[in-house]
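Here the structure comes first, spelled out in structure tokens, and everything after it is commentary.
There are 2 protein chains.
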Amino acid sequence: MENASADSLLQDSLDRCRNAGLRRTKALEEILRVLIQAPGPMTLTSLGAALGSQCDKATVYRLLIRLEEHAVIRRLGFHDRSAHYTMRYADRHDDYLICTGCGSVESLDIHCPVEVLEREISSNSGYTKLYHELQFYGVCPECAR
Amino acid sequence: MENASADSLLQDSLDRCRNAGLRRTKALEEILRVLIQAPGPMTLTSLGAALGSQCDKATVYRLLIRLEEHAVIRRLGFHDRSAHYTMRYADRHDDYLICTGCGSVESLDIHCPVEVLEREISSNSGYTKLYHELQFYGVCPECAR
DNA sequence: GTAATTGCAAATCATTTGCTTCGTA
DNA sequence: TACGAAGCAAATGATTTGCAATTAC
Chain A
1 MENASADSLL QDSLDRCRNA GLRRTKALEE ILRVLIQAPG PMTLTSLGAA LGSQCDKATV
61 YRLLIRLEEH AVIRRLGFHD RSAHYTMRYA DRHDDYLICT GCGSVESLDI HCPVEVLERE
121 ISSNSGYTKL YHELQFYGVC PECAR
Chain B
1001 MENASADSLL QDSLDRCRNA GLRRTKALEE ILRVLIQAPG PMTLTSLGAA LGSQCDKATV
1061 YRLLIRLEEH AVIRRLGFHD RSAHYTMRYA DRHDDYLICT GCGSVESLDI HCPVEVLERE
1121 ISSNSGYTKL YHELQFYGVC PECAR
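Quick note, the sequences are listed as chains A and B, same order. Just so you know, we're using our numbering here: the first sequence kicks off at 1 and counts up by one. Just so you know, we're using our numbering here: the second sequence kicks off at 1001 and counts up by one.
And the structure:
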């Protein structure tokens, strides 16, 4: 992802945050900047490391929660003990392939056949605001050596 | 699930455990018995509660890990902080529908279109022992009131 | 008899929360 | 200026681990 693109993504995200009623603080900007440039989902801890001591862990934590509520980011539950977060873009839905050995995460930009099911399940169950999370687990070539 | 069926499932599971080299202990039997009868996935804590003081939490924890390694049970990562476990049967793969409000879990015995993808991903990525986990999240009718 | 399991207690570690201070709108 | 947000410190709570005592094979 090039700089120009990353910049406009940051702008878009900040706009969405303002519309959601979030104040434009340094922590917000930095978190979004890091997440946008990240090659993959990040945990609270890895975000903290990437931010250095620019913002407090509790601040990051609370912002992540709000960002997820407002659908700016997506929260992922891998088999890891910690939650992973990644940007949520309207035109893109990633599923993931995770190695059960080393824990490495690859994103799969596959056309997920689940979207159809989603609508079906929604009408059968009466659940609203449906979304899904799909993960594939396996042993990567390295770990299989 | 009736008793006769539950009994034979327990037998089958115990057999698989023996083949895996696990000793037949009281803790093992009790954990399997509870999981087999459970209406849905259980956490370490709920398992502990169901077992009363029949076995120590650490014992349950270590057994769950081994049972998962030997594919007797399946571990699920919901957005809950805790891991959920459920029996794994050869002829059955459940996906789940979870309410983001109250956390209730329903299992979906749908024919999951992901199985096909799984093989495809396996050959593209070189990953082996692939399996997947699919969850739908949404707001249940109650919580939407 | 012996190596695998337990039980109990203590250590981790990722959150989560309370509260005071700061800064944006 | 008022109220949401940040920073700091302390509380949770679900795992994880160490080690001595048991127990299945």
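By construction, the Cβ of each residue, glycine as well, lies at the ideal position given by its N, Cα and C atoms.
Under 9 Å, Cβ to Cβ, is there at least one residue of chain B near A/His70? Indexing the first sequence from 1 puts residue 70 of chain A at position 70. Not an interface residue.
Contact criterion: CB-CB distance below 9 Å. Does A/Gln135 meet it with respect to chain B? Residue 135 of chain A sits at position 135 when you count from the first residue of the first sequence. Residue contact with chain B for A/Gln135: present (Cβ-Cβ distance below 9 Å to some residue of chain B).
Can you tell me which residues form a DSSP beta bridge with B/Ser1107? Locating residue 1107 of chain B in the second sequence gives position 107, counting from the first residue. In DSSP, B/Ser1107 forms a bridge with B/Tyr1096.
Where B/Met1001 and B/Leu1009 are concerned, what is the direct C-alpha to C-alpha distance, given to the nearest angstrom? Along the second sequence, read from residue 1 onward, the residue named residue 1001 of chain B stands at position 1. Along the second sequence, read from residue 1 onward, the residue named residue 1009 of chain B stands at position 9. Only weak support is given to the placement of B/Met1001: the predicted model assigns it a pLDDT of 49, under 50, and the value that follows is read from those uncertain coordinates. One C-alpha to the other measures close to 10 Å.
Which residues in chain B have a C-beta closer than 9 Å to the C-beta of A/Tyr85? List them in chain order. Within the first sequence, numbered from 1, the residue matching residue 85 of chain A stands at position 85. Against chain B, a Cβ distance below 9 Å from A/Tyr85 picks out nothing, because the smallest value is about 12 Å.
Quick check: the stretch 17-32 of chain A against the stretch 64-78 of chain A, are at least 3 beta-carbon pairs closer than 8 Å? Pairwise C-beta distances place the stretch 64-78 of chain A in contact with the stretch 17-32 of chain A, as three or more of them are shorter than 8 Å.
Along the chain, where does the beta strand (DSSP E) containing B/Thr1128 start, and where does it finish? Locating residue 1128 of chain B in the second sequence gives position 128, where the first residue counts as 1. Element bounds for B/Thr1128: 1128-1139.
Using CA atoms only, rank isn't needed, just tell me which of A/Gly101, A/Val34, A/Ser46 is closest to A/Cys143. For the purposes of this step, residue 143 of chain A is taken as residue 143 along the first sequence, with counting starting at 1. The shortest C-alpha separation from A/Cys143 is found at A/Gly101.
When the cut-off is 9 Å and only beta carbons count, does B/Cys1099 lie next to chain A? Residue mapping note: residue 1099 of chain B aligns to position 99 of the second sequence, counting from 1. Yes, because at least one Cβ of chain A sits closer than 9 Å to the Cβ of B/Cys1099.
Proximal residues to A/Thr45 (C-beta, below 7 Å), its chain only, five neighbours per side dropped: By one-based count along the first sequence, residue 45 of chain A stands at place 45. Correct list, in chain order: Ser82.
Is B/Met1001 helix, strand or coil when you go by DSSP? By 1-based counting over the second sequence, the position of residue 1001 of chain B is 1. Because the pLDDT at B/Met1001 is just 49, under 50, the model does not fix this residue reliably, and the value given afterwards should be weighed accordingly. Of the three classes helix, strand and coil, the one that applies to B/Met1001 here is coil, per DSSP.
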